[in-house]
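Asker:
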Amino acid sequence: MSTKLKAALLGASGYTGADLLRLGVLHPQLEFTALTANTHAGKPLGAVFPHLDGLGLPQLQQTDDMNWDEFDVVFCGLPHATSQAIIAEIVENHDRPRIIDMSADYRLRDPDSYQKWYGNKHIAPHLQQKAAYGLSEHYRDEIKEARIIACPGCYPTAALLALIPLAKAKVVDAADIVIDAKSGVSGAGRGLKQNTLFAEAGESLSPYAVASHRHSAELDQEISLAAGQDVVVGFTPHLIPMSRGELVTCHLKLAEGHTATDVRERLKASYDNEPFVQILEDGVFPSTNMVRGSNLCKINVFEDRIPGRVIVIATLDNLVKGSAGQAIQNFNIAFGLEETTGLQQVALFP
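Residue 157 in full-length UniProt numbering sits at position 157 of the sequence shown, and the numbers go up by one each step.
1) Considering only the beta carbon of each residue, do L5 and F335 sit closer than 9 Å?
2) Could you compute how far the alpha carbon of T315 sits from the alpha carbon of A324?
3) Check each candidate in G191, W68, L252, A150 and name the one with the smallest Cα separation from R305.
4) Are the beta-carbon atoms of M242 and V185 separated by less than 9 Å?
5) Can you tell me which residues form a DSSP beta bridge with Q62?
6) Specify, as a first and last residue, the run of the alpha helix (DSSP H) that I306 falls within.
7) Would you grab the beta carbon distance between L348 and G283 for me? Rounded to a whole angstrom, and I think it's under 8 Å.
8) So for S103, helix, strand or coil by DSSP?
9) So, helix, strand or coil for N332, using DSSP?
10) Have a look at A81 and D105 and give me their C-alpha separation to the nearest angstrom.
11) Could you compute how far the alpha carbon of C76 sits from the alpha carbon of I328?
12) Could you have a look at V74 and say whether DSSP puts it in helix, strand or coil?
13) Just mark Y15 as buried or exposed, buried being the case when its beta carbon has 16 or more other beta carbons within 10 Å.
14) Taking the CB atoms as reference points, tell me whether I123 and A85 lie closer together than 9 Å.
15) Which same chain residues end up closer than 7 Å to A201 when comparing Cβ atoms and leaving out the 5 residues on each side of it in sequence?
16) Give me the Cα-Cα distance between I148 and Y139, rounded to the nearest whole angstrom.
17) Spatial neighbours of E222 within its chain, please: C-beta separation below 6 Å, excluding the five flanking residues on both sides.
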C-alpha cells in the first residue's frame, strides 16, 4: 500500500491519545490529518504535550468541526458514554471511516451488562453487531471485517492473553480464577484526581474499586466465552507509584489430571508465532521494566506451593499493548497491513 491512510484522533489530549501519536507518527501507512481535544481546541499539540511538538501534526480542534468522510479511520480516545454517541453518528450516517475505539463503549456484547457496569443505558445497542472485541491475538478474523473495533481495557488485555488459551483448553478450572492486578497511575487518565496526586500516590501502594472494577465485566465475558460456561472472576486492581506499566498475577486451580507443565505448553503453543506475546524461560519473573514503552506482553507460569494450583503472571505497558499500541495493531489487521508495522519499538530500560 503506497498511499497513506488518513486518520483522525478524537481525544488527543489524553495519555492514550498521546501514546497513539507517539507511535503513529512513525507508521509508514498512517497520516493523522485531524486531532480533537475540545477543551484545548485552537491550540497546537505541543502546547498540550511538549514531547510531541515539531512533528508536523495538525492543530487541535472541536469534534463538531469534523468532516467524517475525509478519513479512512478514526481512533477514539474519548471517555465512555461520550464515545458511543459520536461513533453512532459516524456509523449510521457515513459509509466510512472505520472506527478503532479505545473506550469501553462497544466492548461489552450485552447492553444490559454495559448499563450495569457503566451506569447509563447504551444509546446504540444495535451497533454492537458491527463491533469486534479487539483483542488482537484472539479475534483477528472479526477485526478484519468489523466497522467498529472495540479495543479491550488494559487489565483485560494482560489477563485475557494469559487466561483465554487455558480456559479454552480446559487445563485450569475456569470457576476458580483470582487476578491480583497492579497498574501505574497513567491508567487512571490525565484528569485531576486526589488519589493520583504525587503526595497521595507517591511511595504508596493501594487497592481501588475492590470487587467493583468495570473491567471485571470484560474478564467475565471473555473467559466465559473461552470456557463455554458462565464464569465470575475474582479481580482486584491496585495503583502503584509509577507512570506506566502493568502486572497481573493470576492464581488458578488446575483441572483434574493437568499440571503446571501443561499450562506452560498450552501458552507456548498458543503464542509461539505471535510477535508481541512472549512466554518467558522457565523460572524468569515477568516485570514491567521488560515491556515499558513497547507493544509486548510477557507471561510466565509457576507451580504453586499449594498442590493442584498454578500461578500465571503477565506484564505489559498499559498505554501501549494495553491501549494505543493494540489500537495500532488492530489498525494493521483491519487494513491488511503487516501486523508489526509501526510497533517494533524495543522496551525502554532503565
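For every residue, glycine included, the Cβ atom is placed at its ideal position computed from N, Cα and C. All values derive from a computational prediction rather than experimental measurement.
Answerer: A quick look at the data gives this:
1) Reading the sequence shown from its first residue, position 5 is the one you call residue 5. Reading the sequence shown from its first residue, position 335 is the one you call residue 335. Between L5 and F335, the CB-CB gap stays under 9 Å.
2) Reading the sequence shown from its first residue, position 315 is the one you call residue 315. Reading the sequence shown from its first residue, position 324 is the one you call residue 324. Each residue's Cα considered, the two are about 16 Å apart.
3) Taking the first residue of the sequence shown as position 1, residue 305 is located at position 305. Of G191, W68, L252, A150, the residue nearest in Cα terms is L252.
4) The residue given as residue 242 occupies position 242 in the sequence shown. The residue given as residue 185 occupies position 185 in the sequence shown. Going by C-beta atoms, M242 is nearer than 9 Å to V185.
5) The residue you call residue 62 lines up with position 62 of the sequence shown. Here Q62 is not bridged, per DSSP, to any residue.
6) On the sequence shown, residue 306 is found 306 positions in, with the first residue counted as 1. Careful: I306 lies outside any alpha helix (DSSP H) and carries neither H nor E.
7) Translated into positions along the sequence shown, residue 348 becomes position 348. Translated into positions along the sequence shown, residue 283 becomes position 283. Wrong, their Cβ atoms sit about 24 Å apart, outside the cutoff.
8) Taking the first residue of the sequence shown as 1, we reach residue 103 at position 103. Of the three classes helix, strand and coil, the one that applies to S103 here is coil, per DSSP.
9) Numbered from its first residue, the sequence shown carries residue 332 at position 332. When DSSP states are grouped into helix, strand and coil, N332 belongs to the helix group.
10) Taking the sequence shown and counting its residues from 1, one reaches residue 81 at position 81. Taking the sequence shown and counting its residues from 1, one reaches residue 105 at position 105. Computed Cα separation, rounded: 6 Å.
11) The residue you call residue 76 lines up with position 76 of the sequence shown. The residue you call residue 328 lines up with position 328 of the sequence shown. Spanning the two alpha carbons is a distance of roughly 12 Å.
12) Taking the first residue of the sequence shown as 1, we reach residue 74 at position 74. Strand at V74.
13) Numbered from its first residue, the sequence shown carries residue 15 at position 15. So Y15 ends up on the buried side.
14) As a first step, residue 123 must be located in the sequence shown, where it is residue number 123. As a first step, residue 85 must be located in the sequence shown, where it is residue number 85. In this structure, I123 places its C-beta atom within 9 Å of the C-beta atom of A85.
15) By 1-based counting over the sequence shown, the position of residue 201 is 201. Within its own chain, the residues whose Cβ lies closer than 7 Å to the Cβ of A201, once the five positions on either side in sequence are excluded, are V185, N195, L239, P241, listed in chain order.
16) Numbered from 1 along the sequence shown, position 148 holds the residue referred to as residue 148. Numbered from 1 along the sequence shown, position 139 holds the residue referred to as residue 139. Going by the C-alpha atoms only, they are around 13 Å apart.
17) To locate residue 222, count along the sequence shown from 1; it is residue 222. Closer than 6 Å at Cβ, skipping near neighbours: L160.
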